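Residue numbers (full-length UniProt numbering): 1 to 213. Glycine included, each C-beta is placed from N, C-alpha and C at the ideal position. A quick note: this is a predicted structure, and the numbers were derived from the prediction, not measured. Accompanying notes for the structure given below.
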Amino acid sequence: MSTQTEAPVAWASVAVDRVPSELSRRLASGQHADTVRSFVLARRTFLAGERVDMNILAAQLHVDRTSLFRWLGNRDALISEVLWSLAEPTLTRIERSTTEVGGARITRVLGDFVATLIAAPYFQGFLKKEPARALRVLTTKDSQVQQRYIAVVEAMLAAEQDAGRMTFELSVHDLAYLLVRISESFTYADLITGERPSAERARAAFHYVLRDS
Numbered sequence: 001m002s003t004q005t006e007a008p009v010a011w012a013s014v015a016v017d018r019v020p021s022e023l024s025r026r027l028a029s030g031q032h033a034d035t036v037r038s039f040v041l042a043r044r045t046f047l048a049g050e051r052v053d054m055n056i057l058a059a060q061l062h063v064d065r066t067s068l069f070r071w072l073g074n075r076d077a078l079i080s081e082v083l084w085s086l087a088e089p090t091l092t093r094i095e096r097s098t099t100e101v102g103g104a105r106i107t108r109v110l111g112d113f114v115a116t117l118i119a120a121p122y123f124q125g126f127l128k129k130e131p132a133r134a135l136r137v138l139t140t141k142d143s144q145v146q147q148r149y150i151a152v153v154e155a156m157l158a159a160e161q162d163a164g165r166m167t168f169e170l171s172v173h174d175l176a177y178l179l180v181r182i183s184e185s186f187t188y189a190d191l192i193t194g195e196r197p198s199a200e201r202a203r204a205a206f207h208y209v210l211r212d213s
């Protein structure tokens with residue numbers, strides 16, 4: 001995932017708009033300096049491959065846990081927002097560098113995203129250190145990360161459809177959900193089935209699903 005903050009393109013920015021959180025609202029408002037300061041520290045801690053511990057964060061910020069929870073929410077909410085703050089600019093960077101159109105474009109963006117996740121040491125460290133929590137905040141029905149990822153893929157598919165480059169038998173939402181589940185299956189294969197994560201197998205699956213679109 002990228003460590004840079006980039007202005008999201010239209011389809012990437014829809015994610016937080018469609019699936020907002022209290023923390024994302026506070027960060028976006030520009031009126032909560034303490035929230036921003038504590039979130040930046042949490043994000044830096046995650047990128048360093050260290051466990052994001054609320055007690056340690058509170059001590060580093062010289063505040064009590066009550067204040068930290070008021071600013072950031074619980075640990076799952078914080079980690080979810082940190083993860084998405086890294087995923088969104090990564091998706092944006094990949095999309096901007098992709099010249100293909102239609103199904104090839106979707107396959108390239110999603111395949112490169114899977115490859116980036118598999119190669120990111122801090123992300124893989126999180127999966128290995130906290131596998132149950134990682135799957136919960138990344139892949140369950142209550143996961144804001146998954147919901148936002150689906151929203152991004154929906155927007156990409158809709159853009160290709162509106163341009164007349166793709167047609168679908170499934171609804172855009174159902175196809176986006178399927179593609180995201182494929183992405184998750186090959187990114188977290190070691191946690192789900194014990195198999196090795198594989199961007200190549202993910203690309204092949206994306207291509208197969210989208211081949212006649």
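Which of helix, strand or coil does DSSP assign to residue i?
| i | result |
| --- | --- |
| arginine 198 | Note that residue 198 is serine in the sequence shown here, rather than arginine. The answer is coil: DSSP assigns serine 198 none of H, G, I, E or B. |
| valine 63 | coil |
| methionine 166 | coil |
| alanine 132 | helix |
| threonine 99 | coil |
| alanine 58 | helix |
| serine 213 | coil |
| glutamate 6 | Confidence in glutamate 6 is poor, its pLDDT being 34 and thus under 50, which makes the residue's placement unreliable; the coordinate value appears in the next sentence. Coil. |
| valine 180 | helix |
| alanine 120 | coil |
| histidine 207 | helix |
| alanine 189 | helix |
| aspartate 53 | coil |
| glutamine 146 | helix |
| threonine 140 | coil |
Cα separation between residue i and residue j?
| i | j | result |
| --- | --- | --- |
| glycine 73 | glycine 164 | 43 angstroms |
| alanine 134 | proline 121 | 14 angstroms |
| alanine 77 | glutamate 195 | 28 angstroms |
| leucine 179 | histidine 62 | 43 angstroms |
| serine 97 | arginine 181 | 24 angstroms |
| glycine 111 | alanine 204 | 9 angstroms |
| threonine 107 | aspartate 64 | 46 angstroms |
| glutamine 199 | alanine 58 | In the sequence as presented, glutamine is not what sits at residue 199; that position holds alanine. Spanning the two alpha carbons is a distance of roughly 38 angstroms. |
| serine 213 | threonine 193 | 29 angstroms |
| aspartate 34 | glutamine 144 | 23 angstroms |
| alanine 132 | isoleucine 79 | 13 angstroms |
| threonine 5 | methionine 166 | The predicted model places threonine 5 with a pLDDT of 35, which falls under 50 and marks its position as unreliable, so this point remains unresolved. |
| alanine 87 | glutamine 146 | 11 angstroms |
| glycine 102 | glutamate 160 | 6 angstroms |
| glutamate 169 | glutamate 100 | 22 angstroms |
| arginine 37 | arginine 105 | 37 angstroms |
| valine 209 | glycine 125 | 30 angstroms |
Short of 6 angstroms in beta carbon distance, which residues of its chain neighbour residue i, apart from the five on each side in sequence? Order them along the chain.
| i | result |
| --- | --- |
| tyrosine 177 | Ile150 |
| tyrosine 188 | none |
| arginine 201 | Phe186 |
When we look at the beta-carbon of residue i and count the other beta-carbons within 10 Å, is it buried (16 or more) or exposed?
| i | result |
| --- | --- |
| threonine 92 | buried |
| valine 40 | exposed |
| aspartate 162 | exposed |
| valine 153 | buried |
| serine 171 | exposed |
| threonine 90 | buried |
| alanine 48 | exposed |
| isoleucine 118 | buried |
| glutamate 184 | buried |
| arginine 26 | buried |
| arginine 211 | exposed |
| threonine 139 | buried |
Ordered along the chain, which non-local residues of its own chain (more than five positions away) have a Cβ less than 7 angstroms from that of residue i?
| i | result |
| --- | --- |
| arginine 148 | Ala15, Val16, Val19, Trp84 |
| serine 21 | Ala77, Glu81, Gln144 |
Which same chain residues, not among the five before or five after residue i, have their C-beta less than 8 angstroms away from its C-beta?
| i | result |
| --- | --- |
| valine 82 | Phe39, Ala42, Arg43, Phe46, Val52 |
| isoleucine 94 | Arg108, Val109, Asp112, Phe113, Thr116 |
| lysine 129 | Arg51 |
| histidine 173 | Ile150, Glu154 |
| leucine 191 | Leu127, Pro131, Ala134, Leu135 |
| leucine 68 | Ser38, Met54, Leu57, Ala58, Leu61 |
The ligand MN heavy atoms versus the CB of residue i: any closer than 7 angstroms?
| i | result |
| --- | --- |
| aspartate 162 | In the structure on display, the ligand MN does not appear, and there are no ligands present to speak of. |
I'd like to know whether the C-beta of residue i is nearer than 8 angstroms to at least one C-beta of chain B.
| i | result |
| --- | --- |
| phenylalanine 186 | Considering every chain present, this structure includes no chain B. It has just one protein chain. |
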